[in-house]
Every structure is written in C-alpha cells, then in structure tokens.
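Peer 1:
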Amino acid sequence: MFALFARARKALRPVAMFATAALLAACDVSTMTDLGSAGSGGPSIDPGQTVRVALLVPQSDPSAAAVARDLENAARLAIADLGNAQIDLAVYDTAGQPTQAAAQAQRAVDEGARIILGPLRGEEAVEASKVVADEGVNVLAFSNNASIAGGNLFILGPTFNNTADRLMGFGTRRGITSVAVLYSQDVPGEFGRTAISQAAARNGVSVVAEQPYELSVEGVTRTAQSMGNIVGSSGAQSVFITSDATNAAMPLLLQLMPENGVNPAVTQYIGLTRWDVAPQLFSYPGAQGAWFTMPDQAMQRNFNARYRGAYGAEPHPLAGLAFDGVAAIGALVAQGRSDALTGRALTQAAGFQGTGGVFRLKSDGTNERGLAVATIQNNQVTILDPAPSSFSGAGF
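Positions -21 to -1, 1 to 375 (mature numbering (1 follows the signal peptide of the UniProt record, and there is no 0)) are the ones given, in order, by the sequence shown.
(1) Do Ala203 and Ala53 have their beta-carbon atoms positioned less than 8 Å apart in this structure?
(2) For Asp318, which residues from the same chain have a beta carbon less than 6 Å from its beta carbon, with the 5 sequence-adjacent residues on both sides left out?
(3) Under a three-way DSSP split, which group does Val256 fall into?
(4) Along the chain, where does the beta strand (DSSP E) containing Ser163 start, and where does it finish?
(5) If you draw a straight line from the alpha carbon of Asn117 to that of Thr200, how long is it in whole angstroms?
(6) Would you mind reading off the limits of the alpha helix (DSSP H) that contains Ile58?
(7) In the DSSP assignment, the alpha helix (DSSP H) including Leu232 goes from what residue to what residue?
(8) Does the distance between the C-beta of Ala54 and the nearest non-hydrogen atom of the ligand HEM fall short of 7 Å?
(9) Assign Gly250 to buried or exposed, taking buried as 16 or more other Cβ atoms, counted over all protein chains shown, within 10 Å of its Cβ.
(10) With C-beta atoms as the reference, is Val36 less than 8 Å away from Thr73?
(11) Determine whether the beta carbon atoms of Tyr286 and Leu56 lie at a separation below 8 Å.
(12) Among residues of its own chain, excluding the 5 on either side of Gly150, which ones have a beta-carbon nearer than 8 Å to its beta-carbon?
(13) Expressed to the nearest angstrom, what Euclidean distance is found between the alpha-carbon atoms of Ile355 and Thr272?
(14) Which residue wins for smallest C-alpha separation from Leu135, given the options Ile127, Ser122 and Asn141?
(15) Note the first and the last residue of the continuous alpha helix (DSSP H) segment covering Thr202.
(16) Distance, Cα to Cα, Pro294 vs Asn226?
(17) How would you call Ala215, buried or exposed, if buried means at least 16 neighbouring beta carbons within 10 angstroms?
(18) Taking a contact to mean a Cβ-Cβ separation below 8 Å, would you say Phe302 touches Gly349 in this structure?
(19) Taking the straight line between their C-alpha atoms, what separation do you get for Pro296 and Glu197?
(20) Does DSSP put Ala1 in a helix, in a strand, or in coil?
(21) Look at the Cβ atom of Pro237, then the Cβ atom of Pro230, and state whether they are nearer than 8 Å.
(22) Arg25 to Arg253, Cα distance in whole Å?
(23) Out of curiosity, what's the CA-to-CA distance linking residue 378 and Phe133?
(24) Start and end of the alpha helix (DSSP H) containing Val118?
(25) Kindly list the residues whose CB is nearer than 6 Å to the CB of Val360, restricted to its own chain and excluding five residues on each side of it in sequence; keep chain order.
(26) Give the DSSP bridge partners of Leu34, in chain order.
(27) Assuming Ala224 and Leu194 are in contact, meaning their beta carbons sit under 8 Å apart, how far apart are those beta carbons, in whole angstroms?
(28) Per DSSP, which residues does Asn346 bridge with? Please list them.
(29) For Pro274, which residues from the same chain have a beta carbon less than 6 Å from its beta carbon, with the 5 sequence-adjacent residues on both sides left out?
(30) So is Ser363 buried or exposed if we call it buried at 16+ other beta carbons inside 10 Å?
Below you can see the structure in the form of structure tokens.
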C-alpha cells in the first residue's frame, strides 16, 4: 500500500495535468460559445462533379503536427473508398491558432471548398465556423466539446453526453435506479458531472450524491476514504466516476474505495472514459465488474490495420475522426444529392459507418455514436452489450 501511495504522490499532479491538457487540446472545453441548434442549410452541389473539401489541421504547431499528419492520412484513406463520389481534399494549416484557423477557413471557401473538415481544437473551430457562416458553409470539427456545437458547426468527437446516455440506459435495464457521481474539480470533471446528471434524468435514474475531489494525492485519498459513508447514507446503487482512466487518481480510487466500504460486488462502478486503454488498472479491486464504453472493436481494428498497411505506423487515436468525416461526406455525395452538404443531409437519421461503428450527426450539432458496454473480468476486457450496428437496434 505504501508503494501505491508513493507512486501516486509522484505521478498524480503531472499526470492529471497531462490528461486535462490532452482533452483541452482536442476540444478546448473552456470554450462556452452557445451557437444554438445546427442549421439545415448549406451549399448546393453537382454530385456528378468533383467536390472540394477543405481539411483544416495544425501542421505547423509542434505540439500537434503528428496529429495533423495522421488526420490527413486518414482522410486520404477514406477518399480511396468512395467509389463514384469525387472528392478533392485541400489541406490548410491552422498552426493551432484561432485567428489563423478563421483566415484559412475563409481562404478555403474563397478557393472553392464546399464544406470544411476540422479544425482540431474547439476554439479554432468556433472562429472558423463564424467566418464562413454567412456563406452557408458547414464545418465538421474534430472537437468533442458539445457546448460549441450549433449553427453551421458540427462536432465529430465522442461526447460525454453520448457515453453517459449509453451507460445509463444499460444500467436501467440492469435495475440501476440511483447513482452517486464522483468527479474531479477541473473543467473535464465538471463537464462529466453535468453529462451524467442529464443522462440520469433522461433515463429515470436518481442522482443521490455528487462528490468532487481535489487533484492531489491528499484530495483523492480523502474523498476515496469517505465514499463508503457517502454511498451508504445516500443508498446509491452505483458510483459513476468521471476521471480519465490514465489519470493517476484512478489507482487510488479503485484501491481505496473498496477498502472503505464501496464493495464492487454490491455497488456498481461505472466509468465515463475508456478503461481498456489502461490495462494497469485491471488488477485493482474497484475495476472488477466495472462498466465503461468502447467503440465497435471489429471496425476499429479494421481501420487500424488498413492505416498500418498504408502508412506503416499506428494511427493517432483522433485520426479516425477525419476518416469518419470524409466517409459521411462521400456517402451523401454518392447518393447523387445536390443537397449533400447541407445540415439537413448531414443529420440524416440513418447515420453513417465510421471507424468505430455507426454514428450520426444531430440537429444540435453534436453527434451520437454506437458504443459497446464493456467490463473487466479476470483482468480482461469483456463485452457485456455489443455496439449496435444501426440506429434502429438495441443500445439507442
């Protein structure tokens, strides 16, 4: 136990900062612009002609150049699958800067782009979408920040709301009626807490306790030790944890909570993030039987194998978003629709097939993705409920 605390004391602060920074890099969750519902408009095209798609990525940003490269690679891989749809991909460098993203978005439209894929970060996406809104051009950003979506701005990144809804729906079918929310005192933690509370309300689950923890060894330890009393006094059947699986808080929570009265055989542990990416957690008592979501693994493996075959390396975890964006655009163009790039077409109820399974864009600019519910059994990941293959199946 001493070794656990010693490792966590060294690692917690920097790892917590890294996990938060990674989330902010992908989605800039501090951006709170409310753009309202997504529009149904967009440019009319001739689907029999080549359609220019602009890809906005941070090529010259040293901290994100590798992501930019993989996003472009994945987009080109998707273009090779399109068959009759002719896509001309034009790549523009945002340098990771909102002002340059806006300038490049305007340049892209001036040069004939009919839709924009990217940028990477939420703040860039907001500025890019603003400058082309008056020209009726839609933006499919790689962000997962639901608060920026709306108007002509759609987000492709997986959202906390989608994950929380999937898990709450699964939980109600398993008899879960009450939940305690355990969240970190930072921006991702607050967003996660809100997503869980909203999903609980939509699925008829009562949030009977909300417990924050400070991002320090002392704060995590103190909270973990108190959770037995909190769960006992509230009557919570489950504990929903917002923390990223790679955050150094997780080993402490998954070790100390069971030691202090939150028995995973009695109280259902649920994770808002993917725990399969952190196999070092599998042996902790709190991980046993816990629920979390994953994309369709067969689809994900297929994409990863194709990417390796084409480029000789593993794709960045965000690379598939560019593939998904091109796949959606191409599928609509291939249908021969002159309105293929409008919000009305982009939000078709049937959705699209992506690198992690079925997904669709929603009228509010966010997205919905088919997710599997997984657990840890005998230190291995086991699928409890497969990802749905369509939006008419179970899981939605």
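The beta carbon of each residue, even a glycine, is placed where N, CA and C say it ideally should be.
Here the structure is a predicted model, which is why all the values come from computation and not from measurement.
Peer 2: In this structure, then:
(1) Walking along the sequence shown from the start, residue 53 turns up at place 74. Walking along the sequence shown from the start, residue 203 turns up at place 224. No.
(2) Within the sequence shown, residue 318 is the residue found at index 339, counting from 1. Exclusion of the five residues before and after Asp318 leaves Ala324 as the residues of its chain whose Cβ lies within less than 6 Å of its Cβ.
(3) Taking the first residue of the sequence shown as position 1, residue 256 is located at position 277. In this structure, Val256 counts as coil in the three-state DSSP scheme.
(4) Counting from 1 along the sequence shown, the entry for residue 163 is found at position 184. It spans Ser157 to Ser163 - the beta strand (DSSP E) in which Ser163 sits, taken as one unbroken run.
(5) As a position in the sequence shown, residue 117 is number 138, starting the count at 1. As a position in the sequence shown, residue 200 is number 221, starting the count at 1. Computed Cα separation, rounded: 46 Å.
(6) In the sequence shown, counting from the first residue as 1, residue 58 sits at position 79. From DSSP, the alpha helix (DSSP H) with Ile58 extends over Ala44 to Ile58.
(7) Numbered from 1 along the sequence shown, position 253 holds the residue referred to as residue 232. Residue range Ala228 to Glu238 is occupied by the alpha helix (DSSP H) that includes Leu232.
(8) Absence of the ligand HEM from the depicted structure is noted, as is the absence of any ligand whatsoever, leaving it without description.
(9) As a position in the sequence shown, residue 250 is number 271, starting the count at 1. Result: buried.
(10) By one-based count along the sequence shown, residue 36 stands at place 57. By one-based count along the sequence shown, residue 73 stands at place 94. Yes, the pair counts as a contact, with Cβ atoms nearer than the cut-off.
(11) To locate residue 286, count along the sequence shown from 1; it is residue 307. To locate residue 56, count along the sequence shown from 1; it is residue 77. The Cβ-Cβ distance between Tyr286 and Leu56 falls below 8 Å.
(12) By one-based count along the sequence shown, residue 150 stands at place 171. When the five nearest sequence neighbours on each side are left out, the beta carbons in the same chain lying within less than 8 Å of the beta carbon of Gly150 are those of Val158, Asn182, Val184, Ser217, Gln247, Ile249 and Trp270, in order along the chain.
(13) The sequence position of residue 355 within the sequence shown is 376, counting from 1. The sequence position of residue 272 within the sequence shown is 293, counting from 1. So the alpha carbons of these two residues sit roughly 11 Å apart.
(14) As a working mapping, residue 135 is identified with position 156 in the sequence shown. Each of Ile127, Ser122 and Asn141 was checked against the Cα of Leu135, and the nearest Cα belongs to Ser122.
(15) By 1-based counting over the sequence shown, the position of residue 202 is 223. Counting along the chain, Thr202 sits inside the alpha helix (DSSP H) bounded by residues Val196 to Ser213.
(16) Numbered from 1 along the sequence shown, position 315 holds the residue referred to as residue 294. Numbered from 1 along the sequence shown, position 247 holds the residue referred to as residue 226. Taking the straight line from one Cα to the other gives about 22 Å.
(17) Position 236 of the sequence shown, counting from 1, holds the residue named residue 215. Ala215 should be labelled buried.
(18) Reading the sequence shown from its first residue, position 323 is the one you call residue 302. Reading the sequence shown from its first residue, position 370 is the one you call residue 349. No. Outside cutoff.
(19) Along the sequence shown, read from residue 1 onward, the residue named residue 296 stands at position 317. Along the sequence shown, read from residue 1 onward, the residue named residue 197 stands at position 218. Here the alpha carbon of Pro296 sits roughly 32 Å from the alpha carbon of Glu197.
(20) Along the sequence shown, one-based indexing puts residue 1 at 22. Bear in mind that a pLDDT of 34 at Ala1, under 50, signals an unreliable position, so the model cannot answer this.
(21) For the purposes of this step, residue 237 is taken as residue 258 along the sequence shown, with counting starting at 1. For the purposes of this step, residue 230 is taken as residue 251 along the sequence shown, with counting starting at 1. For Pro237 and Pro230, no; Cβs fall outside 8 Å.
(22) On the sequence shown, residue 25 is found 46 positions in, with the first residue counted as 1. On the sequence shown, residue 253 is found 274 positions in, with the first residue counted as 1. As written in the sequence, residue 25 is Asp, which differs from the Arg given in the question. One C-alpha to the other measures close to 41 Å.
(23) Because the chain spans -21 through 375 in this model, residue 378 falls outside it and cannot be assessed.
(24) Mapped onto the sequence shown, residue 118 falls at position 139. It is not in any alpha helix (DSSP H) - Val118 instead sits in the beta strand (DSSP E) that spans Val118 to Ala120.
(25) Counting from one through the sequence shown, the residue named residue 360 turns up at place 381. Within its own chain, the residues whose Cβ lies closer than 6 Å to the Cβ of Val360, once the five positions on either side in sequence are excluded, are Asp255 and Ala353, listed in chain order.
(26) Translated into positions along the sequence shown, residue 34 becomes position 55. In the DSSP output, where bridge partners are listed per residue, Leu34 has Val70 and Leu96.
(27) As a first step, residue 224 is located in the sequence shown; it is residue number 245 there, counting from the start. As a first step, residue 194 is located in the sequence shown; it is residue number 215 there, counting from the start. About 16 Å separates the two Cβ atoms, so there is no contact after all.
(28) What you label residue 346 is simply residue 367 of the sequence shown in a count that begins at 1. Beta-bridge pairing links Asn346 to Leu340.
(29) For the purposes of this step, residue 274 is taken as the residue at position 295 of the sequence shown. Counting only Cβ-Cβ distances below 6 Å, and skipping sequence neighbours, we find Gly335 and Gly336.
(30) What you label residue 363 is simply residue 384 of the sequence shown in a count that begins at 1. First, the amino acid is wrong: residue 363 is Leu here, not Ser. Exposed, because fewer than 16 other Cβ atoms sit within 10 Å of the Cβ of Leu363.
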